[in-house]
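Below: one structure, written as structure tokens.
There are 2 protein chains.
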Amino acid sequence: MVAEQKILDGAAFLKKYGSMLTDGLYMEQAPALTTLLYQGDISHSLYFIKQGSLRLWHNNGDKDITMQFFFENQMVSAFESIYLATASLYSIESLENTILYRLDRDNLLKLMDNSEELQHDILNFICERFINYQHYFLSRIKDSPAERYHDLVANEPRIIARVPQHYIASYLGITAVSLSRIKNRH
Amino acid sequence: MVAEQKILDGAAFLKKYGSMLTDGLYMEQAPALTTLLYQGDISHSLYFIKQGSLRLWHNNGDKDITMQFFFENQMVSAFESIYLATASLYSIESLENTILYRLDRDNLLKLMDNSEELQHDILNFICERFINYQHYFLSRIKDSPAERYHDLVANEPRIIARVPQHYIASYLGITAVSLSRIKNRH
DNA sequence: ATTAGTAATTAACAAATGTTAATGCGGAGA
DNA sequence: TCTCCGCATTAACATTTGTTAATTACTAAT
């Protein structure tokens, strides 16, 4: 789910493969709070954010677990759901009014069939994403909510500036009440 | 890190590709508490467990986070460390006296170069492992330590039977003291 | 400007875990 | 058999978060 990776971000992907995609790439607009993928569905789209922001989360009956926020130039997907045609563990929704490029599953797979280089890039992409994902989860396990909040303030100004607090609380794994306490602690 | 996957387990892998590996596959013996991979090192080996058990964990200065236990017939690797030649986030150590098959990095990559089918199997393997990994982490986040312990008792008798309690506590994300309390609650 | 609805803060209490320390248990080896 | 040492249990206390509820702040729409 983590789209930030060194090898191939959204902009680099479009630059490298965009010319092969004239018929499979669509520009779309999603007003704030539009759901792009429902948890449990099979994903048919890979997205690139031109403008705006997305949230990816898992729902567990009574509560949401927000895993990731996405901003401009990032590539966003539940790739394993696209590739294996399995139910997505996550929902994806716009936070702000968002402009996207959408790459269709069929065209992605066709493109992969025709390009060994893309297959190689995709395997790298998955490995990188896997590693990022592991870092995220390890920090979620080993660092306290307060530490992770201060880390966010220091290193992710976009999240602090553009994401409502109760989603940040969900991302930190705590309630909005607890986040408020942490912010105002001595 | 999760080696249990439907598409290709250790036994199936050896059956399918073992004949191509006469010179790259070594049998090894690891007495209890032998470290096979140190966190921070680049992994050079993919393992298959013939007999015994392994533990995979991440160390965070003062405490260990145990992520996975492995038993007979499982394929064990920090694949992204092998494939991308990056520092492993994890250490791997034997719990019991363990007999392993070890597949060398060079031979694995050579084999992948010569077999498109293996490349395909490996991408599937990674996607599957990614999904399993996500399930593990989500359960770690959304379920209480008590729920996860009772789940372990119901579904993972091998872990309960063969793994010392303080490693189980580390796997559940709590202290040995807290696990003891959970076990003896009401 | 008013109002209504959502988000954020604050307070009070309950529940769970961490920490430290003392005790009990059990196997390995002399 | 005795001793030692690591593992497991139990207890007491501190810390943190969850929960519920009341209050305040903010935003958007009329």
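If you're matching them up, the sequences are chains A and B in order. Mapping of the first sequence onto this note's numbering: residues 1 to 186, in sequence order. Mapping of the second sequence onto this note's numbering: residues 1001 to 1186, in sequence order. For each residue, glycine too, the CB sits at the ideal point set by N, CA and C. The structure displayed is predicted, hence computed values, not measured ones.
Which whole-angstrom value is the C-beta distance of B:Ser1077 and B:Tyr1047, which I expect to be below 8 Å?
7 Å
Fully enclosed by the stretch 1102 to 1129 of chain B, which alpha helix (DSSP H) runs are 4 residues long or longer?
If we require 4 residues or more, the alpha helix (DSSP H) runs fully inside the stretch 1102 to 1129 of chain B come out as 1105 to 1114.
Taking the alpha-carbon positions, what's the B:Ile1198 to B:Ser1170 distance?
Chain B is shown from 1001 up to 1186; residue 1198 of chain B falls before or after that span and cannot be answered.
Report yes if the CB atom of A:Ala32 is closer than 8 Å to the CB atom of A:Leu95, and no otherwise.
yes
Under a CB-based cut-off of 8 Å, is B:Ile1042 close to chain A?
no
In chain B, which residues lie with their C-beta within 8 Å of the C-beta of A:Ile65?
Leu1138, Ile1141, Lys1142
Are the Cβ atoms of A:Thr34 and A:Glu72 separated by less than 8 Å?
no
Got a sec: is the Cβ-Cβ distance from B:Leu1172 to anything in chain A below 8 Å?
no
By the criterion of Cβ-Cβ separation under 9 Å, what are the contact partners of A:Asn114 in chain B?
Per Cβ cutoff of 9 Å: no residues; A:Asn114 is ~14 Å from chain B at best.
Report the neighbours of A:Leu89 on chain B: residues whose CB is nearer than 8 Å to its CB, in chain order.
Ile1131, Gln1134, His1135, Leu1138
What does DSSP give as the partner residues of B:Tyr1026 in its beta bridges?
B:Arg1102
A:Asn155 - containing alpha helix (DSSP H), residue span:
Looking at the DSSP string, the run of the alpha helix (DSSP H) that includes A:Asn155 is 145 to 155.
Is there at least one Cβ from chain A nearer than 8 Å to B:Tyr1093's Cβ?
Sequence inspection shows Glu at residue 1093 of chain B; the Tyr mentioned does not correspond to that position. Answer no: the Cβ-Cβ gap between B:Glu1093 and chain A never drops below 8 Å.
Looking at the C-beta of B:Tyr1083, does it have a partner C-beta in chain A at a distance below 8 Å?
When Cβ-Cβ separations below 8 Å define contact, B:Tyr1083 makes contact with chain A.
I'd like to know if B:Glu1080 contacts chain A, where contact means its C-beta is closer than 8 Å to some C-beta of that chain.
yes
Out of B:Arg1185, B:Gln1165, B:Asn1184, which one is the CA nearest neighbour of B:Ala1176?
B:Gln1165
How is B:Glu1096 classed by DSSP in three states: helix, strand or coil?
coil
Find out if the Cβ-Cβ distance for the pair B:Leu1118, B:Met1112 is shorter than 8 Å.
yes
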